[in-house]
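Have a look at the structure below, then the notes.
Residue numbers (my numbering): 287 to 1091.
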């Protein structure tokens, strides 16, 4: 008798093959998957009497805490949350209107309660500043309050010091209470409670003896909906190293903070030998349960990190296509040899969040690029933790490549200098005794500033409630928004900063939008500064200005004096620019120095209830260290008052120029030739101003922005445009794309049509960003537009979108 053919087994095998060939599923990201953390009244406060209030807001809840009293002011769910970028502009009221529960931290000793009565007592120690930002970005906000003091009813103080660590995820908030006894405390236990909320953690059941030199802890977890806590556990996660025969990585679930800690392997390598080094790790998440699982993942390098200054983490599918799932970059390289501190460096944290539907499996890759992405230096924007350096507040660091900082931002000006801080030239001889050193830190020629406003009493009004939205962290084009309002509530500011992937010069794109909310009489006002009042120890002898047509004037710079040397400079024409050149090096032969410049790419303003069609500029003598000078975008010279409804909106490009061809070791030959002929003059800045003032004709799709170029694709997912001009790698983003794979970008030039493919490891030269609201993608390329003659190239680009079924 013949046996029946096992059709069921055949169907199973066919189904298995089909499943193995499935692309990674669309990211299950929610529109509310974001977090913010900020000082409600600014880092320095609007007045000495302001409470020091730290706020957290996500797409699901909000919180405010008085860090000096360790008092929880507000905590509750937020419904109908705005998008990530829109929420960055909300005021404090969205938090202050939430419920006001009590936070109670108690140490019970022999039945007697010692309550936490105060924190942040001593602020004299810069290194151990008592409110510290640890991680900050799109998915995770983490900070701690040190120096907690405990007293009983009679006022007796407990011989111990406490610490409260707050960790915020989009749908989860945890409080970690730690106590470090100074003497032995017998028969004691810790407790932490939030009134009106049940703590899902187990408290210390029995009292115990607390010994000096040890730390004891208790924690409390809160979610907007009580049952949501179960959504953070139960998924089965595995990660393996593709570069080492699929070696399995250790994973540990952190029940306090709610994430899965994935320990990345340490590996040392040299940028000069492996500029395209790429770490690749497969990630599989299985959800065997009947509910959606929220999986916050922390990809961590602890204690040792190689080439930490520039790191571009990303999620990709199994074919190597970038998925568009954001990865938060938080890192720290600061430490003190003789004084170890909790959370000092070096470490790297790459946070992401994956939602996996019930009974489904998610698979993809976590990849980590360093120096280059697709053969070109990658751009990255990261939160740099300052623990081990001092002050311990928010600091952002941007790198092109992975051999030093390119530009830094201090949103709250917590170092009392400026918002634009350390700025360094790209691919020139580095600092140190080696005069021709490559792939290393270069000399600092910072800084600059955004809104500088002194009121009618000549008191500076800093921006407050500064929120930071990390829209894109790289590797092709970064984009981060800083939003705040002046301390007097008069001017609202939104500042977007971007840095592109490139190999010629360090440039930053700055988009500013200021809206006047009430009458503003002012003593001094600057909309933008190249060289800040408190950060401009860069000296130079010559300044020039002009527009795309050429030079208007050049003059010897008058330095110092803390006064204006020139005012009312009308910046008309296309792409008005300023060059600050003939720089005086402070490097003393240790590495190359650099010149600076700026270009106003667009300008629109209404000031004093009048349209101001072109910007004005001024030159101010600074005395931050050696006397120097800056250039400012200013109101018209006769204006001393703004009115409600006034505004300024502008695009400004900051340029850091190599002084000579000998200094530059990068691969861009047109730049090298230009520097050989015109180095250390105004010509390199003019070249950038004219060369990247692109002429665009869009035949398919819609032009959203001219530079960097942003195109919304047409209904069929395609776009076509003609570009005239362009220097170096120009960023071009296509928005509204339906999928993450199957896209192609073609270039047509002088009758030749070719596919743009810069890949080194495969699919590793573009950037994908997912919009959870529209469920669409943005694809960003950097296209080399250098022509035989600067600025005279003409190309046609055709973007074709054919996602795989």
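Note that the Cβ used here is the ideal one computed from N, Cα and C, for glycine as well.
For residue j and residue i, believed in contact at Cβ under 8 angstroms, the rounded distance
i	j	result
residue 616	residue 769	That pair is no contact at about 20 angstroms.
residue 476	residue 463	6 angstroms
residue 907	residue 846	5 angstroms
residue 806	residue 928	4 angstroms
residue 356	residue 434	6 angstroms
residue 933	residue 802	7 angstroms
residue 686	residue 711	About 10 angstroms; that fails the 8 angstroms criterion.
residue 767	residue 371	6 angstroms
Nearest-angstrom Cα separation, counted from residue j out to residue i
i	j	result
residue 752	residue 585	28 angstroms
residue 633	residue 878	30 angstroms
residue 325	residue 339	6 angstroms
residue 900	residue 974	20 angstroms
residue 265	residue 591	The structure shown does not extend to residue 265, since the chain spans only 287 to 1091, so no value can be given for it.
residue 521	residue 478	28 angstroms
residue 319	residue 608	19 angstroms
residue 408	residue 455	29 angstroms
residue 527	residue 582	19 angstroms
residue 707	residue 695	6 angstroms
residue 720	residue 876	7 angstroms
residue 910	residue 709	16 angstroms
residue 703	residue 342	25 angstroms
residue 575	residue 890	54 angstroms
residue 844	residue 819	15 angstroms
residue 1036	residue 1081	8 angstroms
residue 414	residue 673	8 angstroms
residue 335	residue 1049	55 angstroms
Residue i classed as buried or exposed, judged by whether at least 16 other C-beta atoms fall within 10 angstroms
i	result
residue 488	With a pLDDT of 49 at residue 488, under the threshold of 50, the predicted position of this residue should be treated as unreliable, and no value is reported.
residue 552	exposed
residue 691	buried
residue 953	exposed
residue 329	buried
residue 308	With a pLDDT of only 45 at residue 308, under the threshold of 50, the placement of this residue in the model should not be trusted, and no figure is reported.
residue 645	exposed
residue 815	buried
residue 983	exposed
residue 842	exposed
Start-to-end residues for the alpha helix (DSSP H) that takes in residue i
i	result
residue 381	379 to 382
residue 1100	Absent from the model: residue 1100. The displayed extent of the chain is 287 to 1091, so no value can be given.
residue 372	370 to 373
Residue i, DSSP secondary structure in three states
i	result
residue 518	helix
residue 554	coil
residue 855	strand
residue 408	coil
residue 297	Reliability fails at residue 297, whose pLDDT of 35 lies under 50, so the model's placement of it is uncertain and the value that follows must be treated cautiously. Reduced to three states, the DSSP call for residue 297 is helix.
residue 623	coil
residue 512	helix
residue 746	strand
residue 890	strand
residue 925	coil
residue 532	coil
residue 1101	Absent from the model: residue 1101. The displayed extent of the chain is 287 to 1091, so no value can be given.
residue 831	strand
residue 943	strand
residue 884	strand
residue 993	coil
Delimiting residues of the beta strand (DSSP E) encompassing residue i
i	result
residue 587	579 to 588
residue 602	598 to 602
residue 962	From DSSP, residue 962 is part of no beta strand (DSSP E) but of the alpha helix (DSSP H) over 955 to 964.
residue 804	Here residue 804 belongs to no beta strand (DSSP E), and DSSP marks it neither H nor E.
residue 841	836 to 842
residue 764	Careful: residue 764 lies outside any beta strand (DSSP E) and carries neither H nor E.
residue 1017	1015 to 1023
residue 479	471 to 480
residue 1065	1062 to 1070
residue 257	Any property of residue 257 remains undetermined from this structure, which presents the chain solely from 287 to 1091.
residue 876	Where residue 876 is concerned, there is no enclosing beta strand (DSSP E), given that its DSSP letter is neither H nor E.
residue 1033	1029 to 1035
residue 981	981 to 986
residue 705	Looking at the DSSP string, residue 705 is not in any beta strand (DSSP E), and its letter there is neither H nor E.
Proximity test, Cβ basis, 8 angstroms: residue i and chain D
i	result
residue 1008	The structure shown contains no chain D; it is built from a single protein chain.
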